[in-house]
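Residue numbers (the UniProt record's numbering): 1 to 152.
Following: one structure in structure tokens, then a few remarks.
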């Protein structure tokens with residue numbers, strides 16, 4: 001698999017793996033930001049991406065992939081920062097932005113150009129071949145119980 005990166009800003013940094021076994025590639029901020037408490041900000045990475053297999057572009061391949069934008073655990077634990085849901089489809093060619101959420105009640109968070117802000121993980125998916133409207137679902141032991149119903 002090959003990742004193709006287009007730099008949209010002179011400040012953009014190329015995503016990189018933090019270790020040989022890392023699932024996600026670190027994404028970097030292309031700009032300085034201040035994120036006030038209890039707010040969110042779309043953070044520029046300064047890059048756009050596409051990816052290929054040996055057969056060509058993935059949208060021509062039977063296997064489908066997308067990039068999932070995920071939080072960095074250290075930002076969450078140390079600074080109460082989260083990342084909003086992010087999906088980069090194989091046919092998207094625009095800039096990658098990260099929805100950066102400051103959950104702190106009273107502390108602003110300063111992002112410096114070049115800071116690691118999130119990670120992107122190449123993920124395989126399947127699309128449903130068919131959608132059917134039904135009157136009932138098959139019964140399961142769990143049923144409709146959710147939101148912690150299976151224990152701690």
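Heads up, the beta-carbon is just placed ideally off N, CA and C, and yes, glycines get one too.
- Task: Compute the Euclidean distance between the alpha carbons of residue 76 and residue 135, then round it to the nearest angstrom.
- Result: 42 Å
- Going by CA-CA distance only, name the one from 124, 21, 140 and 139 that's closest to residue 53. 124
- Give the single residue among 103, 79 and 69 whose Cα lies nearest to the Cα of residue 87. 69
- Message: Output needed for residue 119: all residues of its chain with C-beta closer than 7 Å, excluding positions within five of it in sequence on either side, in chain order.
- Response: 24, 25, 26, 27, 70 and 72
- Given residue 29 as reference, the closest of 99, 38, 3 and 94 once Cα atoms are compared: 99
- In whole angstroms, what is the alpha-carbon distance linking residue 6 and residue 51? 11 Å
- Evaluate contact between the region 97-113 and the region 138-151, counting only Cβ atoms and requiring at least three cross-stretch pairs below 8 Å. no
- What residues are listed by DSSP as bridge partners for residue 68? 87 and 121
- Which one of 4, 106, 46 and 66 has the shortest CA to CA distance from residue 36? 106
- Item | Classification of residue 67 by the beta-carbon crowding that lies within 10 angstroms, buried from 16 upward | buried
- Query: Is it buried or exposed for residue 38, if we count other Cβ within 10 angstroms and need 16 for buried?
  - Reply: exposed
- So the alpha helix (DSSP H) residue 134 belongs to, where does it begin and stop? Here residue 134 belongs to no alpha helix (DSSP H), and DSSP marks it neither H nor E.
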